[in-house]
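Read through the structure below, which is laid out as structure tokens, and then see the notes.
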Amino acid sequence: MPTAWAPPRAELVLLGFAHVPALRPLLATLFLAMFLLTLLGNALIVLLTALDPALRAPMYLFLRHLALVEMCFSLDIVPQLLLTLLRPGRGVSPAGCALQLLLVLSCVTSECFLLTTTMAWDRYVAICRPLRYGAIVSPRLCHLLAATCWLAGVPVSLVFTIWLFRFPFCGPRGIRHFFCDIAPLLSLVCADTRVFEANVLAATVLVIMVPFCLIAASYTKILATVLRMPSARGRHKALSTCASHFVVVLLFYGTTGVIHLRPKASYSPESKQVVSLSYTLVTPMLNPLIYSLRNKEVRAALGRARGRAFNP
Numbered sequence: 079m080p081t082a083w084a085p086p087r088a089e090l091v092l093l094g095f096a097h098v099p100a101l102r103p104l105l106a107t108l109f110l111a112m113f114l115l116t117l118l119g120n121a122l123i124v125l126l127t128a129l130d131p132a133l134r135a136p137m138y139l140f141l142r143h144l145a146l147v148e149m150c151f152s153l154d155i156v157p158q159l160l161l162t163l164l165r166p167g168r169g170v171s172p173a174g175c176a177l178q179l180l181l182v183l184s185c186v187t188s189e190c191f192l193l194t195t196t197m198a199w200d201r202y203v204a205i206c207r208p209l210r211y212g213a214i215v216s217p218r219l220c221h222l223l224a225a226t227c228w229l230a231g232v233p234v235s236l237v238f239t240i241w242l243f244r245f246p247f248c249g250p251r252g253i254r255h256f257f258c259d260i261a262p263l264l265s266l267v268c269a270d271t272r273v274f275e276a277n278v279l280a281a282t283v284l285v286i287m288v289p290f291c292l293i294a295a296s297y298t299k300i301l302a303t304v305l306r307m308p309s310a311r312g313r314h315k316a317l318s319t320c321a322s323h324f325v326v327v328l329l330f331y332g333t334t335g336v337i338h339l340r341p342k343a344s345y346s347p348e349s350k351q352v353v354s355l356s357y358t359l360v361t362p363m364l365n366p367l368i369y370s371l372r373n374k375e376v377r378a379a380l381g382r383a384r385g386r387a388f389n390p
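Per the working numbering, the sequence shown starts with residue 79, numbered consecutively.
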């Protein structure tokens, strides 16, 4: 029988990409470049939507909060990932691992709700109820919704992080992943986790699948409205925007669902790492481009900011 050890008294070791040691320097360079692009793109969206008077619509408020969540998510994941690649075998304290899991779960939950707010509700009202948009989407309600999205992730992440780290851990201390997540940590637990996994499944359905279904329902109605538009150019523009958004939604919800709907599934640790890369690195990097930088008003605001910078 493996000897049980209490998480607060032993270090954990992240073993991310240990199966490809020769590729670690290349992966570190690639991930660093993606990280810098993510921070740059999302910080640009935050600054533009906060400072430019033309970007005062509710959609841009939600996009600013989405960019902030992406930055927090990347700052929580990527520095530790780079250290794991450049200094293999480096230990991480259980408190640090618990904090990372807490922030990961909180950011994922907040992003799910923000995607629902920005894409399902705001876009639905703007396209399907345009005459009532100003009355329904008030600034006060938008700020309240944004704050709720941020706070909604806190109780979920606290409950599952504390619950998981109260289990006895045993055997090797190596986590076969590049960050502290529920699935790889469960493989170290020497106790019955069926009740915990059932609650994780229930929370995942509520936090991930319900918002995804709401987004899908809203886009079905948006599509029906767009197809009734008399202008072919207007239909093409709306459908192009919706398609781009929906690709990112499928990428984010699909990969998070694969990981969290079956936390102790039979997927190999290596395949889980590859899947996790899509929502921890790829999606945060693409979101500024997909949601904002393709937007004509945001590009105009960027041009004005650049003009002020070069002609003070």
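Glycine is no exception: its CB is placed at the ideal position from the N, C-alpha and C atoms.
With a Cβ-Cβ cutoff of 8 Å, do residue i and residue j count as a contact?
i      : j      : result
GLU375 : ARG251 : no
SER296 : ARG377 : no
PHE95  : PHE256 : yes
VAL91  : GLY169 : yes
VAL124 : ARG142 : yes
LEU115 : MET363 : yes
LEU144 : ASN365 : yes
LEU183 : VAL234 : yes
LEU139 : ALA224 : yes
ARG382 : ASP130 : yes
Applying the 10 Å Cβ sphere with the 16-neighbour rule, what's the burial state of residue i?
i      : result
MET79  : Any reading at MET79 must be qualified, since the residue scores a pLDDT of 45, below 50, and its modelled position is unreliable; the value itself is stated next. By the 10 Å Cβ count, MET79 comes out exposed.
PRO157 : exposed
VAL273 : exposed
ILE293 : buried
ASN277 : exposed
ALA82  : Since pLDDT at ALA82 reaches only 49, below the 50 mark, its modelled position is unreliable, and no value is offered.
SER216 : exposed
SER349 : exposed
THR298 : exposed
GLY167 : exposed
PHE245 : buried
SER354 : buried
TYR133 : In the sequence as displayed, the identity of residue 133 is Leu instead of Tyr. Buried is the call here.
PRO99  : exposed
THR361 : buried
PRO172 : buried
Between which residues of its own chain and residue i is the CB-CB distance below 6 Å, once the five residues before and five after are set aside?
i      : result
TYR357 : PHE330, THR333, THR334
THR239 : ALA176, LEU179, LEU180
CYS185 : VAL147, CYS150, PHE151
CYS220 : PRO136, LEU139
TRP228 : SER188
Have a look at the DSSP bridge pairing and note the partners of residue i.
i      : result
GLY169 : VAL91
GLY385 : BP columns for GLY385 are empty, so no partner.
GLY252 : VAL91
Cutting at 8 Å between CB atoms, please list the residues of its own chain near residue i, excluding the five before and the five after it.
i      : result
LEU236 : LEU180
PHE109 : VAL156, LEU159, LEU160, LEU163, LEU359
GLY385 : none
MET137 : THR196, ASP200, ARG201, ALA204
VAL327 : LEU193, MET197, PHE290, ILE293
VAL325 : ILE368
SER230 : Note on residue identity: the sequence assigns Ala, not Ser, to residue 230. Closer than 8 Å at Cβ, skipping near neighbours: THR187, SER188, PHE191.
ALA106 : LEU160, LEU163, LEU164
ARG210 : VAL203
HIS97  : GLU348
THR226 : PHE191
Spatial neighbours of residue i within its chain, please: C-beta separation below 7 Å, excluding the five flanking residues on both sides.
i      : result
THR303 : ILE205, CYS206
GLN351 : GLY94, PHE95, HIS255, PHE256
LEU380 : LEU126
ILE300 : ARG201, TYR202, ILE205, CYS206, CYS320
PHE113 : SER152, VAL156
TRP241 : PHE274
LEU222 : none
ALA128 : ARG142
VAL285 : THR187, CYS190, VAL234
ASP154 : GLN178, LEU181, VAL182, CYS185
VAL232 : SER184
Cβ contact (3+ pairs, closer than 8 Å) linking the segment 283-295 and the segment 182-192: When Cβ pairs closer than 8 Å are counted between the two stretches, the segment 283-295 is seen to touch the segment 182-192, the count reaching three or more.
The segment 258-269 touching the segment 307-314, judged by at least three CB pairs closer than 8 Å: Contact between the segment 258-269 and the segment 307-314 is absent: fewer than three C-beta pairs spanning the two stretches fall below 8 Å.
Cβ pair count under 8 Å reaching 3, the segment 135-155 against the segment 103-121: Counting C-beta pairs closer than 8 Å gives three or more between the segment 135-155 and the segment 103-121, which meets the contact rule.
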